[in-house]
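Report on the following structure.
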Amino acid sequence: MAIEPVKYMLVYVLTLLLAVSEVFPLSVSAMLGALLMAWFGLNDGLFTYEEIFSFIDLRLIALLIGVMITVETVGRSGLFRVLGLYAVKLAGGSPAGLFVVLSVISAATSLFLSDAAAVLILSATALAISRELGYDPTPFVVASALMINLGGTGTLIGSVSNMIIGLNAGFDFVEFAAYLLPCELMLWWITIAVLYLYYRERLRDSPKLVEEYHVRVENKGEVIKAALILAIMIGLYVSSERLGVPAEAIALFTAVLALTTTRYDPVEVFERLDWDTVFFVASFLVLVRGLERTGILQALSQLIYEASKGSLAYATLLTLLVSGITSILLANVAVALTFVPPLKALNLPDKRPLWSALVLGTNLGGASIPVTSVVFAMAVGALRHEGLKVDMGELSKVGLLTSMAQLAFSALYLLAYFRLSF
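For the sequence shown, numbering that gives the first Met the number 0 begins at 0 and goes up steadily by one.
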């Protein structure tokens, strides 16, 4: 038995290396790791065949799929693109003003829209505006990507890692937002300030007047319908505790509502869902739960507890720092799934600061460099598709600079909000 923890840990590390190296897609890497974990675990009697399937959290999978269906349907109406185009008018012709407005809209949009869908819509909008008005598109597209990543931090459905952490922490939609939304809103302005200072020389005046740019709304009825569906979903999430309805039930209800009240082909909607993420999460759950059976993750929780010397303040900052740095190198979903069991095992009276630190760490560290950030990588792809030269070193520099500023402020916020002392 002495060799078993090492064997299982090697399977976990191999899975992460395959995912980071992109030898296989994330889902395939996780499925291979889950297969090896199941094989060794069954042979060693660590768990039974039936228990393997119980490792997969069906509530989490239902929440993911429900939100994805709703988002895909709402996104097809053009609602968020219309909002982005109105930002041009709101900015009043100033490139700096448009930079701020688009940044805020990007963050606000991703509060309720998946990051992948939001970056596709906002990148297309930023490129169209830049092309029309003669702006340098890079600051706008990069800012949109970083703000979209930030914008999903404050709500339960804002990102996959949030759903994983929120469900395991027992937070409902309102409680999750109460702890993290104030921090996110303050981080909006800190992030915008950092990005503006970095790109200020490239935000020059436009050769065209903004008044010449007109917003055209196609399929107005579908846009209004999409807005209503989104409002219903948000309203139900806000009222979930009072109604006694779990998050995954709301997600599935709004998914069915969206599919039955719009003109879009459900088959096409299903084809567009991010199945790679769904299979990655399901498979990685098997990997992490199997690893948990070996006692390795419990040992990790003990290390965190000992390193923090029993102090909730130290444990919170350690969780924020380690999860943030790890998320720079690994997918934040993997980091969230890995940290959940150790945090659950910690013998501390109040774990709200720890769960909040994990949310902030996985979200903020996860958009530092284009190589490991899906949102950042999609923004780079949009710029390259436009025929623009992309400097990956420069983008990594601005991403890391932004993440460090965000994590530093988050540490102060957690200490102040939860009144932690050393």
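Glycine residues also receive a C-beta, built at the ideal position from the N, C-alpha and C atoms.
Would you identify the three-state DSSP class for residue i, choosing helix, strand or coil?
{"i": "asparagine 346", "result": "coil"}
{"i": "alanine 366", "result": "coil"}
{"i": "threonine 260", "result": "helix"}
{"i": "proline 245", "result": "coil"}
{"i": "threonine 401", "result": "helix"}
{"i": "leucine 126", "result": "helix"}
{"i": "arginine 271", "result": "coil"}
{"i": "leucine 202", "result": "coil"}
{"i": "serine 395", "result": "helix"}
{"i": "proline 265", "result": "helix"}
{"i": "aspartate 114", "result": "helix"}
{"i": "proline 4", "result": "helix"}
{"i": "isoleucine 324", "result": "helix"}
{"i": "proline 24", "result": "coil"}
{"i": "serine 53", "result": "helix"}
{"i": "glycine 289", "result": "helix"}
{"i": "aspartate 219", "result": "Note on identity: in this sequence residue 219 is lysine, with aspartate being the wrong assignment. The answer is helix: DSSP assigns lysine 219 an H, G or I state."}
{"i": "alanine 309", "result": "The displayed chain sequence assigns glycine, not alanine, to residue 309. Three-state DSSP puts glycine 309 in coil, outside helix and strand."}
Would you mind giving the Cβ-Cβ distance between residue i and residue j, rounded to the nearest angstrom? I have them listed as a contact below 8 Å.
{"i": "leucine 334", "j": "threonine 325", "result": "The sequence as given places valine at residue 334; leucine does not occur at that position. Confirmed, Cβ separation roughly 5 Å."}
{"i": "valine 73", "j": "phenylalanine 172", "result": "Actually they do not touch by this definition, with Cβ atoms about 18 Å apart."}
{"i": "proline 369", "j": "methionine 403", "result": "That belief does not hold up - the Cβ atoms of proline 369 and methionine 403 are roughly 16 Å apart, past 8 Å."}
{"i": "alanine 29", "j": "threonine 14", "result": "6 Å"}
{"i": "isoleucine 249", "j": "leucine 258", "result": "That belief does not hold up - the Cβ atoms of isoleucine 249 and leucine 258 are roughly 15 Å apart, past 8 Å."}
{"i": "tyrosine 7", "j": "phenylalanine 39", "result": "6 Å"}
{"i": "alanine 281", "j": "isoleucine 64", "result": "Not really, about 11 Å apart at Cβ, beyond 8 Å."}
{"i": "valine 397", "j": "aspartate 114", "result": "Wrong, their Cβ atoms sit about 18 Å apart, outside the cutoff."}
{"i": "leucine 186", "j": "serine 143", "result": "At roughly 16 Å, the Cβ-Cβ gap does not stay under 8 Å, so leucine 186 and serine 143 are not in contact."}
{"i": "isoleucine 147", "j": "alanine 106", "result": "7 Å"}
{"i": "tyrosine 304", "j": "asparagine 362", "result": "Contact doesn't hold; Cβ gap of about 24 Å is too wide."}
{"i": "valine 118", "j": "methionine 377", "result": "5 Å"}
{"i": "alanine 410", "j": "leucine 319", "result": "6 Å"}
{"i": "leucine 184", "j": "phenylalanine 98", "result": "No, leucine 184 and phenylalanine 98 are not in contact; Cβ-Cβ is about 18 Å, not under 8 Å."}
Check each candidate in the options and name the one with the smallest Cα separation from residue i.
{"i": "lysine 388", "options": "Pro136, Met185, Ser402 and Arg418", "result": "Pro136"}
{"i": "serine 122", "options": "Thr261, Phe408 and Ala381", "result": "Ala381"}
{"i": "glutamate 50", "options": "Pro348, Leu406 and Leu284", "result": "Leu284"}
{"i": "arginine 351", "options": "Phe175, Ala61, Leu25 and Gly133", "result": "Phe175"}
{"i": "leucine 419", "options": "Met377, Leu316 and Leu34", "result": "Leu316"}
{"i": "phenylalanine 67", "options": "Phe98, Leu25, Thr293 and Asp273", "result": "For the sequence presented, residue 67 should be read as methionine rather than phenylalanine. When only C-alpha atoms are compared, the closest one is Asp273."}
{"i": "leucine 440", "options": "Phe375, Leu359 and Val397", "result": "For residue 440 there is no data in the structure shown, the boundaries of the chain being 0 and 421."}
{"i": "tyrosine 85", "options": "Ile128, Ala254, Ala106 and Gly133", "result": "Ile128"}
{"i": "tryptophan 379", "options": "Phe408, Leu126 and Arg130", "result": "The amino acid at residue 379 is misidentified as tryptophan; the sequence shows valine. Nearest C-alpha to valine 379: Leu126."}
{"i": "glutamate 267", "options": "Gly133, Asn42, Glu71 and Trp354", "result": "Glu71"}
{"i": "serine 239", "options": "Ile156, Leu149 and Tyr197", "result": "Ile156"}
{"i": "leucine 227", "options": "Ser76, Asn42, Phe417 and His384", "result": "Ser76"}
{"i": "glutamine 405", "options": "Leu149, Phe269, Asp275 and Thr124", "result": "Leu149"}
{"i": "proline 94", "options": "Gly133, Thr108, Ile104 and Leu31", "result": "Gly133"}
{"i": "leucine 194", "options": "Leu251, Val103 and Val255", "result": "Val103"}
{"i": "valine 5", "options": "Leu311, Met36 and Ala314", "result": "Met36"}
Buried or exposed: which applies to residue i, given that a residue is buried once 16 or more other Cβ atoms fall within 10 Å of its Cβ?
{"i": "glutamate 120", "result": "One point to set straight first is that residue 120 is isoleucine, not glutamate, in the sequence displayed. Its Cβ being crowded by 16 or more others within 10 Å, isoleucine 120 is buried."}
{"i": "alanine 415", "result": "exposed"}
{"i": "threonine 190", "result": "buried"}
{"i": "alanine 306", "result": "exposed"}
{"i": "asparagine 421", "result": "Correcting the residue identity first, residue 421 is phenylalanine in this sequence and not asparagine. Exposed, by the Cβ-count rule."}
{"i": "valine 140", "result": "buried"}
{"i": "aspartate 264", "result": "exposed"}
{"i": "proline 138", "result": "buried"}
{"i": "threonine 260", "result": "exposed"}
{"i": "serine 322", "result": "buried"}
{"i": "serine 20", "result": "exposed"}
{"i": "leucine 242", "result": "exposed"}
{"i": "alanine 496", "result": "Only positions 0 to 421 of the chain appear in this structure, which leaves residue 496 out of reach."}
{"i": "leucine 110", "result": "buried"}
{"i": "tryptophan 188", "result": "exposed"}
{"i": "proline 348", "result": "exposed"}
{"i": "arginine 130", "result": "exposed"}
{"i": "leucine 357", "result": "buried"}
{"i": "leucine 16", "result": "exposed"}
{"i": "alanine 298", "result": "exposed"}
{"i": "arginine 383", "result": "exposed"}
{"i": "isoleucine 223", "result": "exposed"}
Is any beta-carbon of chain C found at less than 8 Å from that of residue i?
{"i": "serine 326", "result": "Here chain C cannot be found, since the structure has a single protein chain."}
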